[in-house]
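For the protein sequence lines, the chains are U and L, in the order given. According to numbering that gives the first Met the number 0, the first sequence holds residues 0 to 400 in order. According to numbering that gives the first Met the number 0, the second sequence holds residues 0 to 400 in order. Yeah, the Cβ is synthetic: ideal placement off N, Cα and C, and Gly gets one too. Predicted model, so just to flag it, every value in this text is computed and none were measured. Beneath this line is the structure, given in structure tokens, with notes to follow.
There are 2 protein chains.
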Amino acid sequence: MNVAVLGYGTVGSGVVEVLTENQDSIDVKAGKEIRVKYILDLRDFPGDPHEDKIVHDFKVILEDDSVKVVVETMGGVHPAYEFVKDCLQRGKSVCTSNKELVAVHGAELLSIAREKRVNFLFEASVGGGIPIIRPLNQSLTADKILEISGILNGTTNYILTKMTEEGLDFDTVLKDAQEKGYAERNPEADVEGYDACRKIAILTSLAHGKQVDYEDIYTEGITKITDIDIKYAKAMGTSIKIFGMSRVTEDGVIAMVAPFMIDKAHPLFPVNDVFNGIFVKGNMLGDAMFYGRGAGKLPTASAVVADVVDAAKHEGTTIMTIWSQEKLKLAPIDGAKFRRFVRVRDGFNIAGKFGNVTVLEPQAEGEKAFITRPVSEADYKKTAEETDGILSMIRLDFKGQ
Amino acid sequence: MNVAVLGYGTVGSGVVEVLTENQDSIDVKAGKEIRVKYILDLRDFPGDPHEDKIVHDFKVILEDDSVKVVVETMGGVHPAYEFVKDCLQRGKSVCTSNKELVAVHGAELLSIAREKRVNFLFEASVGGGIPIIRPLNQSLTADKILEISGILNGTTNYILTKMTEEGLDFDTVLKDAQEKGYAERNPEADVEGYDACRKIAILTSLAHGKQVDYEDIYTEGITKITDIDIKYAKAMGTSIKIFGMSRVTEDGVIAMVAPFMIDKAHPLFPVNDVFNGIFVKGNMLGDAMFYGRGAGKLPTASAVVADVVDAAKHEGTTIMTIWSQEKLKLAPIDGAKFRRFVRVRDGFNIAGKFGNVTVLEPQAEGEKAFITRPVSEADYKKTAEETDGILSMIRLDFKGQ
Numbered sequence: 000m001n002v003a004v005l006g007y008g009t010v011g012s013g014v015v016e017v018l019t020e021n022q023d024s025i026d027v028k029a030g031k032e033i034r035v036k037y038i039l040d041l042r043d044f045p046g047d048p049h050e051d052k053i054v055h056d057f058k059v060i061l062e063d064d065s066v067k068v069v070v071e072t073m074g075g076v077h078p079a080y081e082f083v084k085d086c087l088q089r090g091k092s093v094c095t096s097n098k099e100l101v102a103v104h105g106a107e108l109l110s111i112a113r114e115k116r117v118n119f120l121f122e123a124s125v126g127g128g129i130p131i132i133r134p135l136n137q138s139l140t141a142d143k144i145l146e147i148s149g150i151l152n153g154t155t156n157y158i159l160t161k162m163t164e165e166g167l168d169f170d171t172v173l174k175d176a177q178e179k180g181y182a183e184r185n186p187e188a189d190v191e192g193y194d195a196c197r198k199i200a201i202l203t204s205l206a207h208g209k210q211v212d213y214e215d216i217y218t219e220g221i222t223k224i225t226d227i228d229i230k231y232a233k234a235m236g237t238s239i240k241i242f243g244m245s246r247v248t249e250d251g252v253i254a255m256v257a258p259f260m261i262d263k264a265h266p267l268f269p270v271n272d273v274f275n276g277i278f279v280k281g282n283m284l285g286d287a288m289f290y291g292r293g294a295g296k297l298p299t300a301s302a303v304v305a306d307v308v309d310a311a312k313h314e315g316t317t318i319m320t321i322w323s324q325e326k327l328k329l330a331p332i333d334g335a336k337f338r339r340f341v342r343v344r345d346g347f348n349i350a351g352k353f354g355n356v357t358v359l360e361p362q363a364e365g366e367k368a369f370i371t372r373p374v375s376e377a378d379y380k381k382t383a384e385e386t387d388g389i390l391s392m393i394r395l396d397f398k399g400q
Numbered sequence: 000m001n002v003a004v005l006g007y008g009t010v011g012s013g014v015v016e017v018l019t020e021n022q023d024s025i026d027v028k029a030g031k032e033i034r035v036k037y038i039l040d041l042r043d044f045p046g047d048p049h050e051d052k053i054v055h056d057f058k059v060i061l062e063d064d065s066v067k068v069v070v071e072t073m074g075g076v077h078p079a080y081e082f083v084k085d086c087l088q089r090g091k092s093v094c095t096s097n098k099e100l101v102a103v104h105g106a107e108l109l110s111i112a113r114e115k116r117v118n119f120l121f122e123a124s125v126g127g128g129i130p131i132i133r134p135l136n137q138s139l140t141a142d143k144i145l146e147i148s149g150i151l152n153g154t155t156n157y158i159l160t161k162m163t164e165e166g167l168d169f170d171t172v173l174k175d176a177q178e179k180g181y182a183e184r185n186p187e188a189d190v191e192g193y194d195a196c197r198k199i200a201i202l203t204s205l206a207h208g209k210q211v212d213y214e215d216i217y218t219e220g221i222t223k224i225t226d227i228d229i230k231y232a233k234a235m236g237t238s239i240k241i242f243g244m245s246r247v248t249e250d251g252v253i254a255m256v257a258p259f260m261i262d263k264a265h266p267l268f269p270v271n272d273v274f275n276g277i278f279v280k281g282n283m284l285g286d287a288m289f290y291g292r293g294a295g296k297l298p299t300a301s302a303v304v305a306d307v308v309d310a311a312k313h314e315g316t317t318i319m320t321i322w323s324q325e326k327l328k329l330a331p332i333d334g335a336k337f338r339r340f341v342r343v344r345d346g347f348n349i350a351g352k353f354g355n356v357t358v359l360e361p362q363a364e365g366e367k368a369f370i371t372r373p374v375s376e377a378d379y380k381k382t383a384e385e386t387d388g389i390l391s392m393i394r395l396d397f398k399g400q
């Protein structure tokens, strides 16, 4: 079975490497010989062992009917979307690692794939090498999914872990992460939570079978987390993580990306460094968690190639994925209640604003910190707007008592 | 689509409950209406809401060609094996939670299913509600699996967790676990590691595509772990867990069940109480871990019902599972090297027997404890046999430095 790879960057070259390196075992598992015929890239790669497979014209791939599976690892919505759509319409299965493409056009591309009896697969778009798309789709089918909380971005988890372990502030750690290549020169997509937002949009769409638009998801990054917040977290034996989270509440499904303070009983507590972890709660299953490398060349390529194997095994049939283009109406987060960790300047009238709170042992001069009872987003926002002196607020997600 | 359930015990009644409770979402995901037509049990259940479905004669189910999927939750090899084989040969798919049946006859039953174009599925046989069979089969197909280490038995994990948290000895905690219903009155299958042994046999068979007989797996339980061992583990910031483990070594695949001392960097470190966790290392994926409830009525039933949904979605085709009846030749563990935690009586000549070791801060009178360099099973056994004074030995599996 011939495969073409669109984009010979980090993940694309990883896909070729995995297909070559594990060729024998992959052929057995796919039940057929899987070979890379073309690699599409604008650049040439003189001296590369796969140099002869490089093409610059997408049409060569599109019009070669011996190519049954196309791997899309270019990233970005355009021209990935047009290329993928063309391939599906031409009767080729597509496997992609492109979270943005999937978040925006996933439902439509799945429907084209179904119509053409091919497959559109995207295991690598969330959680890198961690199997999470296929488990949600095929393993947790007996359950109603009540909650998904995911550490979905390795860069921000690395930064928060280093801040915790070394007591450093955000800017210092970010600079170090950039020097090590763990963070981009323009780190916005990671540190502002945009990357995690697209990923929780995909997971929530799959969990509920309807389209969740990422623009509708409240998103808060980690740039305001300080070393003093971390000091308090450590003193309490808790940890600060940024989650993509969606949860079934009385008002409907809420979704958000934000930093959360979690306790030791939380299954995501031990997920550190660049690792990702995805916590899923089903109404029958209870708590489950999936852990692994959320990024990186070979782990991500491993997930893409597993999709290629699945596409090979399902030639002529479409793996059922419930994700309609109908929009899932998210409940506004205004009503969502959280206990909150709050730091305020000395002299702030805590009881007058937040009622009964648990005051914490001070970790810095000139300020106080406390834990509130559950306070809704709307109520908190109102208080924060009417008041001067709040230094920081982090929502709590404690799974223990 | 009509379903029959064999055995109306804990898991069987859970299956009926999940199918009833989540009927609407399950029907959507399966793409057809899934209904329980029969429940086979020797007993009657007067007053049970599903009383009218109880039958006592297996033939009623076997000969009703409207029953397309049979759930086997009786446990034990006989008559489960005969019933399952008859169903498959009659063209019915079978979903089972029966680890013993799968460990012994899995490869054969898969081959009958393939021949009859039906499915034999067993997600619930390992790790209860945790998706692990399907991920191994369908998600980790790009990888060569280098290691599987699983906390596969909730009873023993509960006992070790309580011994650690409360500093109690094995017998006291076992008695408490029996009173709470977490351990059987005859706890041998759990505490001697036999249950974990069958489960690691299944996982290793799937990882390598060939039959691993559980009788060939070295199995050591937790009955010899004392509160003093636990004291040392805690003092070192480590933890003692019983694993089913298989690993690709230079000599081939080794498999064993035994208590291991693990460090904080080990992904299984935070897996406590009755929870299970399965660590998998792929040659491309790197480290991954799956965590959740390894037992219990509804989590296990959730996994069985996910199989029922998969069987419904794949009516007329067989999901490819690579597990041949050809035997995987396991390497003898004699050559397997481990660092070891060893406790000896005062006066024992450590250097004369184990060379350079790291001596630990004493936690009990009249004895010494130390960590050895990597020592093979054969060498350790020889030393232990030639020597008087070894009080205990636990292998190390440290993932950090």
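Nearest-angstrom Cα distance between residue i and residue j?
{"i": "Glu20(L)", "j": "His104(U)", "result": "33 Å"}
{"i": "Gly291(U)", "j": "Gly285(L)", "result": "8 Å"}
{"i": "Asp85(U)", "j": "Thr154(L)", "result": "54 Å"}
{"i": "Cys196(U)", "j": "Gly220(U)", "result": "10 Å"}
{"i": "Phe337(L)", "j": "Gly127(U)", "result": "32 Å"}
{"i": "Ala305(U)", "j": "Pro130(U)", "result": "10 Å"}
{"i": "Thr417(U)", "j": "Asn271(U)", "result": "As shown, chain U starts at 0 and ends at 400. That puts residue 417(U) outside it, with no answer to give."}
{"i": "Met283(L)", "j": "Tyr157(U)", "result": "21 Å"}
{"i": "Asp212(L)", "j": "Ala102(L)", "result": "7 Å"}
{"i": "Lys67(U)", "j": "Phe353(L)", "result": "59 Å"}
{"i": "Ile150(L)", "j": "Leu173(L)", "result": "18 Å"}
{"i": "Gly11(U)", "j": "Arg42(U)", "result": "13 Å"}
Could you give the DSSP three-state label for residue i: helix, strand or coil?
{"i": "Gly276(U)", "result": "strand"}
{"i": "Leu18(U)", "result": "helix"}
{"i": "Met73(U)", "result": "coil"}
{"i": "Asn156(L)", "result": "helix"}
{"i": "Glu50(U)", "result": "helix"}
{"i": "Asp250(U)", "result": "coil"}
{"i": "Glu165(U)", "result": "helix"}
{"i": "Asp309(U)", "result": "helix"}
{"i": "Pro258(U)", "result": "strand"}
{"i": "Gly291(L)", "result": "strand"}
{"i": "Thr371(L)", "result": "strand"}
{"i": "Ala206(L)", "result": "helix"}
{"i": "Thr9(L)", "result": "helix"}
{"i": "Gly334(L)", "result": "helix"}
Excluding five sequence neighbours on each side, which residues of the same chain lie with their C-beta closer than 6 Å to the C-beta of residue i?
{"i": "Lys367(L)", "result": "Val343"}
{"i": "Met392(L)", "result": "Arg339, Val341"}
{"i": "Val396(L)", "result": "The question names Val, but residue 396(L) is Asp in the sequence shown. Answer for Asp396(L): Phe259, Ile261, listed in chain order."}
{"i": "Asp194(U)", "result": "Asn152, Ala188"}
{"i": "Lys398(U)", "result": "Ala264, His265"}
So, for residue i: in the same chain, excluding its five sequence neighbours on each side, which residues have a beta-carbon less than 8 Å away from its beta-carbon?
{"i": "Thr402(U)", "result": "Within the shown structure, residues of chain U are numbered from 0 to 400, placing residue 402(U) beyond reach of any answer."}
{"i": "Gly30(U)", "result": "Ala311, Lys312"}
{"i": "Val308(U)", "result": "Ile25, Lys28, Ala29, Ile33"}
Identify, in the order they occur along the chain, each residue of the same chain with its Cβ nearer than 7 Å to the Cβ of residue i, setting aside the five sequence neighbours on each side.
{"i": "Phe369(L)", "result": "Val341, Ile349, Val356, Thr357, Val358, Leu359"}
{"i": "Asp215(U)", "result": "Leu329"}
Could you name the residues of the region 121 to 142 of chain U whose beta carbon sits closer than 8 Å to any beta carbon of chain L, in the order they occur along the chain? Taken in chain order, the members of the region 121 to 142 of chain U whose beta-carbon sits within less than 8 Å of a beta-carbon on chain L are Glu122, Gly128, Ile129, Pro130, Arg133, Pro134, Gln137, Ser138, Leu139, Thr140, Ala141, Asp142.
Touch test, the region 233 to 247 of chain L against the region 256 to 275 of chain L, Cβ-Cβ under 8 Å, three pairs minimum:
Contact between the region 233 to 247 of chain L and the region 256 to 275 of chain L is present, because at least three Cβ pairs lie under 8 Å.
**Message:** Counting beta carbon pairs with one atom in the region 251 to 266 of chain U and one in the region 95 to 111 of chain L, are three or more of them shorter than 8 Å?
**Reply:** Taking a contact to require three or more Cβ pairs closer than 8 Å, the region 95 to 111 of chain L and the region 251 to 266 of chain U do not qualify as touching.
Fill in: Within 7 Å of chain L by C-beta, residues of the region 301 to 327 of chain U in sequence order
Residues passing the 7 Å Cβ filter: Ser301, Val304, Ala305, Val308, Asp309, Lys312, Met319, Ile321.
Stretch-stretch touch, CB-based, cutoff 8 Å, three pairs: the region 315 to 329 of chain U with the region 105 to 113 of chain U = The region 315 to 329 of chain U is in contact with the region 105 to 113 of chain U.
What residues from the region 9 to 28 of chain L come within 7 Å of chain U, judged by C-beta to C-beta, listed N to C? Flagged, chain order: Val17, Asn21, Ser24, Ile25, Val27, Lys28.
Taking 8 Å as the cut-off, does the region 212 to 219 of chain U touch the region 160 to 175 of chain U (at least 3 CB pairs, one atom from each stretch)?
Proximity of the region 160 to 175 of chain U to the region 212 to 219 of chain U falls short of the contact definition, fewer than three beta-carbon pairs being nearer than 8 Å.
>> Under 8 Å, CB to CB, which of the residues in the region 275 to 289 of chain U have a partner in chain L?
In response: The region 275 to 289 of chain U vs chain L, Cβ under 8 Å: Gly281, Asn282, Met283, Leu284, Gly285, Asp286, Ala287, Met288, Phe289.
Determine which residues of the region 234 to 251 of chain L have a Cβ less than 9 Å from any Cβ of chain U, and write them out in chain order. Legend: CB atoms of the region 234 to 251 of chain L lying less than 9 Å from CB atoms of chain U are not found in any residue.
Inset, instruction - Closer than 7 Å, Cβ to Cβ, to anything on chain U: give me those residues from the region 27 to 46 of chain L, in chain order. - result: The region 27 to 46 of chain L vs chain U, Cβ under 7 Å: Val27, Lys28, Gly30.
Report task. Anything in the region 257 to 269 of chain L with a Cβ closer than 9 Å to a Cβ of chain U? List those residues in chain order, please. Result -> Under the 9 Å Cβ criterion, the region 257 to 269 of chain L contributes Lys263, Pro266, Phe268, Pro269.
Q.
At a CB distance below 8 Å, what residues from the region 102 to 116 of chain U approach chain L? Give them in sequence order.
A. Listed by position, the residues of the region 102 to 116 of chain U near chain L (Cβ gap below 8 Å) amount to none.
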